[in-house]
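Protein chains: 2
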Amino acid sequence: MSDVVAAALVARRDEILERLMALLRLPSVSTDPAYAEGMKATREFLMARLKEGGLEDVRLLEGGGQPAVTGAWNGAPGKPTLIIYGHYDVQPPDPLELWKTPPFEPTIRDGRIYARGASDVKGSTLIAVETVIEFIRAGGCPVNIRFFLEGEEEIGSPSLRSIIDRHPDALVGDAMISADGGRASTTLPTVSVGSRGLTALRFTLRTASKDMHSGRYGGAVRNANHELARLIASLHDEDGRIAVPGFMDDMAPIGPREAEDAAALPVDEAEFYGGIGAAPYGDPRYSVRERITLLPTIEVNGMWGGYIGAGSKTVLPCEAHAKLTMRLGPGMDPVRAQARVRDHLLARAPKGVTLDFEESGNGTPAFTLREGHPLLAAAETVIRRTRNRAPVRARAGGTIPITAIFKERLGIDTITFGFAMPDEDVHAPNEFFRLSSLEEGLRAWPLLLSELGNASPEALRAG
Amino acid sequence: MSDVVAAALVARRDEILERLMALLRLPSVSTDPAYAEGMKATREFLMARLKEGGLEDVRLLEGGGQPAVTGAWNGAPGKPTLIIYGHYDVQPPDPLELWKTPPFEPTIRDGRIYARGASDVKGSTLIAVETVIEFIRAGGCPVNIRFFLEGEEEIGSPSLRSIIDRHPDALVGDAMISADGGRASTTLPTVSVGSRGLTALRFTLRTASKDMHSGRYGGAVRNANHELARLIASLHDEDGRIAVPGFMDDMAPIGPREAEDAAALPVDEAEFYGGIGAAPYGDPRYSVRERITLLPTIEVNGMWGGYIGAGSKTVLPCEAHAKLTMRLGPGMDPVRAQARVRDHLLARAPKGVTLDFEESGNGTPAFTLREGHPLLAAAETVIRRTRNRAPVRARAGGTIPITAIFKERLGIDTITFGFAMPDEDVHAPNEFFRLSSLEEGLRAWPLLLSELGNASPEALRAG
Chain A
1 MSDVVAAALV ARRDEILERL MALLRLPSVS TDPAYAEGMK ATREFLMARL
51 KEGGLEDVRL LEGGGQPAVT GAWNGAPGKP TLIIYGHYDV QPPDPLELWK
101 TPPFEPTIRD GRIYARGASD VKGSTLIAVE TVIEFIRAGG CPVNIRFFLE
151 GEEEIGSPSL RSIIDRHPDA LVGDAMISAD GGRASTTLPT VSVGSRGLTA
201 LRFTLRTASK DMHSGRYGGA VRNANHELAR LIASLHDEDG RIAVPGFMDD
251 MAPIGPREAE DAAALPVDEA EFYGGIGAAP YGDPRYSVRE RITLLPTIEV
301 NGMWGGYIGA GSKTVLPCEA HAKLTMRLGP GMDPVRAQAR VRDHLLARAP
351 KGVTLDFEES GNGTPAFTLR EGHPLLAAAE TVIRRTRNRA PVRARAGGTI
401 PITAIFKERL GIDTITFGFA MPDEDVHAPN EFFRLSSLEE GLRAWPLLLS
451 ELGNASPEAL RAG
Chain B
1 MSDVVAAALV ARRDEILERL MALLRLPSVS TDPAYAEGMK ATREFLMARL
51 KEGGLEDVRL LEGGGQPAVT GAWNGAPGKP TLIIYGHYDV QPPDPLELWK
101 TPPFEPTIRD GRIYARGASD VKGSTLIAVE TVIEFIRAGG CPVNIRFFLE
151 GEEEIGSPSL RSIIDRHPDA LVGDAMISAD GGRASTTLPT VSVGSRGLTA
201 LRFTLRTASK DMHSGRYGGA VRNANHELAR LIASLHDEDG RIAVPGFMDD
251 MAPIGPREAE DAAALPVDEA EFYGGIGAAP YGDPRYSVRE RITLLPTIEV
301 NGMWGGYIGA GSKTVLPCEA HAKLTMRLGP GMDPVRAQAR VRDHLLARAP
351 KGVTLDFEES GNGTPAFTLR EGHPLLAAAE TVIRRTRNRA PVRARAGGTI
401 PITAIFKERL GIDTITFGFA MPDEDVHAPN EFFRLSSLEE GLRAWPLLLS
451 ELGNASPEAL RAG
C-alpha cells in the first residue's frame, strides 16, 4: 500500500512542486505585524488544501497569538494516532539586498527552489500534507492523523502552551512526527534523536536620560554603546567559551552514547567553514559536531545604539539595545539559563547604567529521544530501506520547541522527519530547498506512516 | 553708531524672530541625501536675505559637496576685513519619536524656540547677518565683511579646503568671527579661546561571508556582534580612560593657563549630571571641565549588527558596523590619532575577522587663540560692557573645523562669538535656543564690529 502511495506521489511531483511554489509566494513572517495579511493567506491556503484532500475537522486553533491550522483523519480504529507537526511561518527576509531573487518569488535554479521558507519548513510540511492526502485518496491511512501546523515557530512558539491547553480535544495522539528538524548531513543518512533548547533575552541599556553632544559631554559621561559592548564582551572568553558563572551547571554531561554518535558524523571542517567563509572557532575541548549540537551558546542576534543612518553624527548615545538567544544543552533549564545571563549582565553593569529587560518568554529545554523508542525504530527502518544503510544518529543544533512542549503538556514523544539539509541557508538570504529532497520525502513519508501503523499505541505512548 | 544699530535691531526683534522661524522650517540636514531639497531651499533663503540687505557679490561657493553661501560689503576702505562664519546645515533629527514638537516646526514655549538647528547654529548665524544688514541700512559697517555660511559643518566639513582653494578671491580677510561656538555657561560671561579637534573612523567588521542560523552554526563560528563588542570594549579602561596605545602621545600637556582657566569655570556637577540623568564618570585625575574641553575622547556614535527589527531572530550575524569620532586635545594630529585607533583595532582583530574602513576624511586639529590677540581683546571689551564684568576664558569641548582650516589655509585667526548656551540639547531631540540670547546677541554684535573697526588690519593678521 505504501509503495502504491509513494508511486502516486512521485507521479504527482510537478503538481506538488507548483503547490509548494504557491505556498512560498505567501509571505508568512510571524515576528513582524506588517506581514499579518501574508500569515492569514497562508493559513487559508493550508486549510483549503486539507479540506480538498479529505481531512475532517479542518480549523484554526487559537491561543492568543498566531493560530495553528489543524485537520484530522480518523479512519483507522485501533491503530495509533499520530500528530503531524509542521509550521507555516518563516523568518524575516532581511537583509533584502543580499537576495539574488526576491524571497517571496520562488525561483528554481540548478535543481533547487530558492525562497524564504523553502527549507524551513514549507517544503517538508507540504510533503507530510500531500502524503496523508494521497493515502486518503488510495483508500485510507495506516494510522489516524492530527495535523498541527503552527504559526509561531520562528518566534519561539509563545502561545503554543495556550493553544494546547485550550484545545485538548484537537491534540489527542499517541506520538508525534515533526516535518521540522531536517537532516544533519548532505551525504550520510541520519536519524534525529534530539535537539538543543532555546531561550531569549532582550534588553535596553541606558546611561542618561537623553542623547548628548559629544563635544559638550564627551569625556565625562558614559556612552551607552561602550557600556553595551563591555557587557557583551564579558559573555565569552577569548576562545568563545561561555563566561557566565553557573550557566552550564545543570547541563547533563556528554555521555558515551552522545560522544559516539557525534564521532560517527564528523563535520568536514573544510566544507563547513569554507561554505560560510569563516575561520575555525569554538571551545577547543570539543569537536565541531559537539559544539553545534550539544554545547550551549549565547548569541547576540542583534545589537544597536546611537546613529546608524548615512554619514557621521557626533552624538553621545544614552541608549543601546541587544537581542540575545541562548541554545541549551541537554538537562539545562531555560528559565534558569535566562536568569543566569540576566544576573551576570546586571552584576556587571556599573553604577549609573540601567538595564531594562523585555518580557521574552520562558524558552524550551533540549529534547532527547530515548534509545529503543518505537518512533526511532520506525524511522531507522524507513531510512535503512530508502538509503540502503543504517542511519547515523544525529542531534540537531537547532530547537524544535514543539517536541519539548508536547512532552511536557501531553506526555508524548516526537520523531523529527524533515527533509531539509544543513547547507540550505535557512534564516539567511537565498534560502533554498533541493528538488531531490522533495522527491525523497514523497517516497519516505508513506513508508514511515506504514511502519507506525504496525506499532501499538501503548508502546508509542510508553516511549 | 553701534548703539543706534543695536537699538534698531532690538526694535526689529519680532521681525527677526519671524525670519529665524522661517529659516528653522527649512530642513537642512547635510548628512542625508534625502534632505537635498531642504539644503537648497536654505541656501536660497540666505542668499535672498543677503541681497535684500545690501550685500554685494552674493553667490554660492562650490567645492564639490554642499556649497557655501557668501556675500560681501566693501565700504570701509583702510579698515579690517572680517570674514563672518556661520553654518546653515543641521544635525539629523532622529530619534524623531522623542521630540515633543516636530523638529522642523519651530515652536515657542517658555521663552525658548524649539527646533533642530535653533541653537546649532541658525540662531547665532542670523544674529550676525541681521547685524551687518542693519549697519548697512544705517549708513555703513565699521569693517569690511565677507560672509561665509557653510553647509557641511555637521559632517566634518569634507569640502571646506576645496572651497577655500577654489575661491581665494572670495575669502580674503584679516581675521574671522564665528557665529558657531557658543557660550560655556548659562550664568557666567565667557569668551572662547579654543576648541577640541575632531576626526572620524567608520568600519564594517566581518566574520563570515553570510549570515548563519544560530542552531546550525552557533558554538563553532565567530558572531560579528561579539567581535565588534570586544573591539569597542578595548578602547577604554574601566574608568573611561583611553586604552589605545600612543593615542595621546603628541598632546600638549595641560599648562598653568589652561588649568587656571578651567578652574575659573568650574562645572556644577549636580546640574551637569542632573540635567542629563547620568552618573559622574571620566578620568578621575582631571576635573569635569578639563575632561570635556581639554582631554581627547573616542566615542562610538553608532553601532549595529544582526537583526534589529521587531521580535526575535535566531540569526548568527556575519557583519557588524561602527561609526566613531574622536575629539582631540591641543597638539594632537588628527591623521595620526585616526591611525592609532585604526591600528589598535586591526591589531586586536583575531584571525578570521576582517575590518573594512570607510574613507572618512582627515579631521581637524584643536584650536587655541593666543594670549593678547586683538580678536580676544575686542571680544573681552564687548562682554565687559554688556555683562558688566570681565569674562572667564573658556575652551569649547566641541569642534569648529573652520578655525583650524582657515588658520592652515589662509593664516587667519578666529574668535567664536556665538550665543548658544551649553544646555540647549544640540545634536539631540528637543534642541532649543533662548529668546533672551537672540536679544543679547543683537546688542553685542554691533559693539564687536565697532571694536574691531578700531583694530589695525596688520595687528589682526599678526595674531
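Chain order of the listed sequences is A and B.
Position 212 of the first sequence, counted from 1, bears residue number 212 in my numbering, the numbering being contiguous throughout.
Position 206 of the second sequence, counted from 1, bears residue number 206 in my numbering, the numbering being contiguous throughout.
Even glycine gets a Cβ: it sits at the ideal position worked out from N, Cα and C.
Source: prediction; values computed, not measured.
Chain B within 7 Å of residue i, Cβ atoms only
i	result
residue 389 of chain A	no
residue 418 of chain A	no
residue 312 of chain A	yes
residue 214 of chain A	yes
residue 288 of chain A	yes
Whole-angstrom distance between residue j and residue i, CA atom to CA atom
i	j	result
residue 269 of chain B	residue 13 of chain B	35 Å
residue 375 of chain B	residue 3 of chain B	20 Å
residue 256 of chain A	residue 236 of chain A	27 Å
residue 464 of chain A	residue 302 of chain B	Outside the shown range of chain A (1 to 463) lies residue 464 of chain A, about which nothing can therefore be said.
residue 364 of chain B	residue 245 of chain B	21 Å
residue 178 of chain B	residue 240 of chain A	52 Å
residue 318 of chain A	residue 142 of chain B	46 Å
residue 266 of chain B	residue 289 of chain B	6 Å
residue 54 of chain B	residue 21 of chain B	22 Å
residue 140 of chain B	residue 381 of chain B	22 Å
residue 424 of chain A	residue 6 of chain A	25 Å
residue 96 of chain B	residue 220 of chain B	40 Å
residue 458 of chain A	residue 407 of chain A	16 Å
residue 8 of chain B	residue 134 of chain B	7 Å
residue 75 of chain A	residue 144 of chain A	6 Å
residue 464 of chain B	residue 316 of chain B	Only positions 1 to 463 of chain B appear in this structure, which leaves residue 464 of chain B out of reach.
Cβ separation of residue i and residue j, assumed to be a contact under 8 Å, to the nearest whole Å
i	j	result
residue 166 of chain A	residue 63 of chain A	6 Å
residue 192 of chain A	residue 399 of chain A	About 12 Å; that fails the 8 Å criterion.
residue 369 of chain B	residue 355 of chain B	That pair is no contact at about 38 Å.
residue 403 of chain B	residue 367 of chain B	4 Å
residue 311 of chain B	residue 31 of chain A	3 Å
residue 431 of chain B	residue 116 of chain B	6 Å
Any chain A beta carbon closer than 7 Å to residue i
i	result
residue 177 of chain B	no
residue 341 of chain B	no
residue 295 of chain B	yes
residue 281 of chain B	yes
residue 40 of chain B	no
residue 445 of chain B	no
residue 199 of chain B	no
residue 241 of chain B	no
Simplified DSSP assignment, three categories, for residue i
i	result
residue 421 of chain B	coil
residue 468 of chain B	The question about residue 468 of chain B has no answer, for chain B in this structure spans 1 to 463.
residue 169 of chain A	helix
residue 104 of chain A	coil
residue 381 of chain B	helix
residue 51 of chain A	helix
residue 144 of chain B	strand
residue 221 of chain B	coil
residue 298 of chain B	strand
residue 309 of chain B	coil
residue 406 of chain B	helix
Residue from the options with nearest C-alpha to residue i
i	options	result
residue 156 of chain A	A/1, A/347, A/91, A/439	A/91
residue 209 of chain B	A/169, A/273, A/152, A/461	A/273
residue 259 of chain B	B/285, B/242, B/275	B/285
residue 49 of chain A	A/112, A/105, A/147, A/95	A/147
residue 173 of chain A	A/79, A/88, A/440, A/333	A/79
residue 442 of chain A	A/30, A/128, A/31	A/128
residue 168 of chain A	A/287, A/331, A/61, A/446	A/61
residue 499 of chain B	B/360, B/233, B/134	No answer is possible for residue 499 of chain B: it lies beyond the span of chain B, which begins at 1 and ends at 463.
residue 234 of chain A	A/211, A/420, A/341	A/341
residue 185 of chain A	A/438, A/391, A/461, A/26	A/391
residue 125 of chain A	A/282, A/114, A/291, A/416	A/416
residue 394 of chain B	B/410, B/293, B/353, B/104	B/293
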